[in-house]
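Start counting the sequence shown at 107; every next residue gets the next number (my numbering).
Here's the structure, in structure tokens; my notes come after.
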Amino acid sequence: MALNSVDIKTIYAEDSKLEEKNVNALVKWVENQPHLPKIGDFEAFLFLKKSHYSLAHAQTTIDTFFTLKNLWPEALLETNFANSPQLQEIFDTMIIMVLPKRTPEGNAILFLKPLNENMINFNLESFIKYVHMVCMLDVYLNGPPNGHVSVYDIEHFPQCFIPEMDYGTLKNFFYYIEEAVPTMLVKEIHFYNTNPNRDEIVGIYESVVPKSLLRMVFTHESLDDLRKYVPKECLPEECGGLLEPAAVLHEKSKRELVKNGAFFESHGQLVVDESKRPVGNMIAQNMFGFKK
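Right, dumping it as structure tokens:
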């Protein structure tokens, strides 16, 4: 099921780097790959943008994306929010949403905030799926941003959660972000608010993110410092911003997830068919950190 909120003609007009011949060539290439699901012009554009407009790189990214969904369905396979107790539990545990206003540079803001310190039943794979889905829905509803700015409020990040953190799972997630998913383009990662374990929390991220993302990680002692990077017009009320309170925006984000359940069910069916993979295509055997 496709969403019709984004006009591909508008994207062509706004993106001088996008060439229609490459979009058409990529769609045609996918049609000729028996193991891959079909994509449309919009998806082709997303993969080209992810791949810095390189047709050859986009082909590898597409195969990687759909292969990883098959290899790691617990974290990457989209599903109907209304039918997923795991996603609903994440909603009750942590605010995860794309804020409704983009930055002047055209970046979408992914806002994350633990609701309390009771995260004993927190599931990292469900968290990853939630992040993946809210970013995907924003791109399909509002068009592709120039990139993504992540803002983490770590005030209630619990001490008990740190020793339970699965570093391997986090590494896989950042590999997926960097190499595969076309609806997430990380530009900056910001941690703000006080927490006795802040340095350890930030250290976890710095130990698992690819080197290319390390220079994008920032920590802030105050909201004033955060707002030097992210304008108040784009932040929720409790961040000194001009948007509605985060709890209100969180509920609105949930309603959009529920409303578009059929969209996610449709995308959850888009995976590779390994039985049809051409001989010599070894990408499934070369996925860093993943096993078939």
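Every residue gets a Cβ at the ideal spot worked out from N, C-alpha and C, and that includes glycine.
Cβ-Cβ separation, residue j to residue i (assumed contact under 8 Å), whole Å
{"i": "K207", "j": "C340", "result": "5 Å"}
{"i": "E184", "j": "G374", "result": "4 Å"}
{"i": "V354", "j": "H296", "result": "Actually they do not touch by this definition, with Cβ atoms about 21 Å apart."}
{"i": "K293", "j": "N387", "result": "32 Å between Cβ atoms; not a contact."}
{"i": "M200", "j": "L221", "result": "6 Å"}
{"i": "I145", "j": "V129", "result": "I145 to V129, Cβ: 10 Å. No contact."}
{"i": "H326", "j": "L332", "result": "4 Å"}
{"i": "N366", "j": "L243", "result": "6 Å"}
{"i": "I202", "j": "V257", "result": "11 Å between Cβ atoms; not a contact."}
{"i": "G346", "j": "K338", "result": "6 Å"}
Through-space distance from residue j to residue i, alpha-carbon basis
{"i": "L363", "j": "L161", "result": "32 Å"}
{"i": "S318", "j": "F217", "result": "21 Å"}
{"i": "E399", "j": "L142", "result": "Absent from the model: residue 399. The displayed extent of the chain is 107 to 398, so no value can be given."}
{"i": "D379", "j": "G274", "result": "26 Å"}
{"i": "S381", "j": "D169", "result": "14 Å"}
{"i": "S372", "j": "P210", "result": "33 Å"}
{"i": "K398", "j": "F280", "result": "For K398, the pLDDT reaches just 41, beneath the cut-off of 50, and the residue's location in the model is therefore unreliable, although a value from the coordinates is still provided. One C-alpha to the other measures close to 19 Å."}
{"i": "N303", "j": "L329", "result": "18 Å"}
{"i": "M107", "j": "V385", "result": "Here M107 scores only 45 on pLDDT, less than 50, and its place in the model should not be relied on; the value that follows carries that caveat. When rounded, the distance between both Cα atoms is 31 Å."}
{"i": "F197", "j": "D259", "result": "16 Å"}
{"i": "C131", "j": "P250", "result": "One point to set straight first is that residue 131 is Ala, not Cys, in the sequence displayed. Cα to Cα, the separation comes out at about 20 Å."}
{"i": "D113", "j": "H163", "result": "24 Å"}
{"i": "L276", "j": "L174", "result": "14 Å"}
{"i": "E180", "j": "P351", "result": "31 Å"}
{"i": "E312", "j": "L205", "result": "24 Å"}
{"i": "F370", "j": "F233", "result": "16 Å"}
{"i": "A188", "j": "A368", "result": "10 Å"}
{"i": "W135", "j": "V377", "result": "16 Å"}
{"i": "S122", "j": "N227", "result": "47 Å"}
{"i": "P191", "j": "N229", "result": "12 Å"}
{"i": "K334", "j": "P140", "result": "49 Å"}
{"i": "E306", "j": "F263", "result": "11 Å"}
{"i": "E261", "j": "Y246", "result": "31 Å"}
{"i": "K155", "j": "Q165", "result": "12 Å"}
{"i": "K127", "j": "D147", "result": "11 Å"}
{"i": "L348", "j": "H356", "result": "15 Å"}
{"i": "V323", "j": "R383", "result": "38 Å"}
{"i": "I283", "j": "N176", "result": "16 Å"}
{"i": "S157", "j": "H254", "result": "15 Å"}
{"i": "V308", "j": "E125", "result": "40 Å"}
{"i": "V278", "j": "I310", "result": "Before going further, note that residue 278 is Asn rather than Val in the sequence given. In a straight line, the C-alpha of N278 is about 14 Å away from that of I310."}
{"i": "N186", "j": "E195", "result": "14 Å"}
{"i": "W178", "j": "D272", "result": "15 Å"}
{"i": "Y159", "j": "F171", "result": "16 Å"}
{"i": "T167", "j": "N252", "result": "18 Å"}
{"i": "R361", "j": "P342", "result": "18 Å"}
{"i": "P316", "j": "Y298", "result": "21 Å"}
Residue i - partner residues in DSSP beta bridges
{"i": "E294", "result": "V255"}
Any non-hydrogen atom of the ligand MG closer than 7 Å to residue i Cβ
{"i": "V377", "result": "Here there are no bound small molecules, and the ligand MG is not part of this structure."}
Meets three-Cβ-pair contact criterion under 8 Å: the segment 279-293 and the segment 233-242: yes
Residue ranges of each beta strand (DSSP E) within the segment 305-332, 3 or longer: 323-326
Segment contact, 8 Å Cβ cut-off, at least three pairs: the segment 111-119 with the segment 139-153: yes
Uninterrupted alpha helix (DSSP H) stretches inside the segment 141-229 (no shorter than 4 residues): 147-156, 161-177, 179-182 and 191-199
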